[in-house]
Structure formats: C-alpha cells, structure tokens
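Residue numbers (the working numbering): 24 to 273.
Right, one structure below, let's go through it.
Right, here's the structure in full:
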C-alpha cells in the first residue's frame, strides 16, 4: 500500500512539473502566431519594415514555426537580398518538409537566376509534395516541362545532380536533427539572433573539418545547417559551393 501511495505521489509530482511547461510552450506558440498575423497585415498594408519585424518576433518566440521563415524569404527576395531569401526558404523546408510554398519559391528563385538544375529539382519536389489537383502543382509542372523542352539534356543532368548530392537523403536526415535543435531552442524563455549564430558557428566548424578531410557530403550537410541558422555566414556559403563542386567532380 505504501508503495502504491508513493507511486501516486511520484506521478502527481511529474504532472505538476510537466503541465506548467506544456502550458507555457502552448502560450509561446500562440504568441508567435499572433506576431505572424500582425506581420501579414503589415505586409498587406505595404509596411514592409514592420512586417519583417513581426515575422522575426514570431520566429524568436517559436523557432520551429515554419511559415514566418517563408514570409521573410518572400520579403527579402522582393528587397533584392536573394541569398538571405534562399536561406529562409531552406529553413522553412527543414522545419516542415510538407510545406509546399518554399519549394515553389526556391524553384522560382533558381530559375530566375538561370540555375536550371536546382530549379528543376525544386519544381519536381513541389509536384511530388503537393496535391496533384492544386494550382501550384499545375504551375510547377508547366515550369518543369518548359525547362525540359528548352534544355533536353536537363533530365539526365537532374538525375546526376540528385545522385551526386544525395539531396533526398541529406534532407531526410537533417529534418529530424534540425527539428530537435529548434525544439530545444523554443523551450528557452528568450531566443536571440546570438543563439542562432552560436549554433551556426558550431555547424560551420564541423563542416570545415569535414571539408579539409575530403568528406564533402558531411561538409555539405553541416554548411547547410550553418546557413539555416545564420544566412549571412559568407564563409559557410563559399565553402558550401566549393564542397558541392568538388563532390560533383568525384
């Protein structure tokens, strides 16, 4: 009887500890969504600076919330900051691989830059992830067909690109790891840009070691994570591109 009573007390103690934490986490998530809504209203009203500020606050409140990353990507791209836009779209995908908008936006971005291999990859992924009857899926299919018509060799080059980079494997493996990191960061009472940069430096260091050892797949994975967390890390961007080139030449 004493053992049963003790067990009940332990269970009650666990609930007493966990329930406030869960309630706080839900409160933070709700607050993040309110900031995102405010950002969207500001964007609709043409107040881009306010929109960016609200989206950044939403991310600070809940780093695992994928939508404001995509929102920021759109605004950065419209403002001419294409590299930061790319990083925001990539981060949104890493958090939620079923979120179709950033695939579409990345494909459009790469197509506009003339990088038709990457554009084709993301158009193809948008088709695969989206509903077959969705308007965005139909548009993605049109773009992919157009690229294939203009560049007949694109199908084979795309196949080689996917095999060499092992992008599906990298994406699948990193989703879980990044979700765990973002969940951990979301439990903190306050998340700052310094937190993201600190984690980014850690990934960059691991990527640089792998790069120097000739392990380009590991280097690519770590440089991508570094850029997810700090889109302005120029050294990570340079070494990521160099790693991709060297991997393709193997």
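From the three backbone atoms N, C-alpha and C, an ideal C-beta is built for every residue, glycine too.
Everything numeric in this text was worked out from a predicted model, so none of it was measured.
{"Check": "Three-pair Cβ contact test at 8 Å for the segment 114-121 versus the segment 137-144", "Outcome": "no"}
{"Check": "Residue 156, DSSP secondary structure in three states", "Outcome": "coil"}
{"Check": "Straight-line Cα distance separating residue 69 from residue 247", "Outcome": "32 Å"}
{"Check": "Residue from 63, 81, 238 and 242 whose Cα sits closest to the Cα of residue 74", "Outcome": "63"}
{"Check": "Closest Cα partner of residue 127 within the set 106, 158, 102 and 99", "Outcome": "158"}
{"Check": "Contact belief for residue 85 with residue 52 at Cβ below 8 Å, rounded distance in angstroms", "Outcome": "5 Å"}
{"Check": "Check whether residue 122 and residue 87 have beta carbons under 7 Å apart", "Outcome": "no"}
{"Check": "Residues near residue 243 in its chain [Cβ-Cβ closer than 6 Å; skip 5 each side]", "Outcome": "266"}
{"Check": "Local conformation of residue 138 per DSSP, three classes", "Outcome": "coil"}
{"Check": "Nearest residue (CA-CA) to residue 57, options 78, 261 and 238", "Outcome": "78"}
{"Check": "Proximal residues to residue 82 (C-beta, below 6 Å), its chain only, five neighbours per side dropped", "Outcome": "91"}
{"Check": "Three-state secondary structure (DSSP) of residue 236", "Outcome": "coil"}
{"Check": "Integer Cβ distance of residue 129 from residue 105, believed to fall under 8 Å", "Outcome": "Not confirmed; about 11 Å, so no contact."}
{"Check": "Nearest residue (CA-CA) to residue 261, options 238, 230 and 236", "Outcome": "230"}
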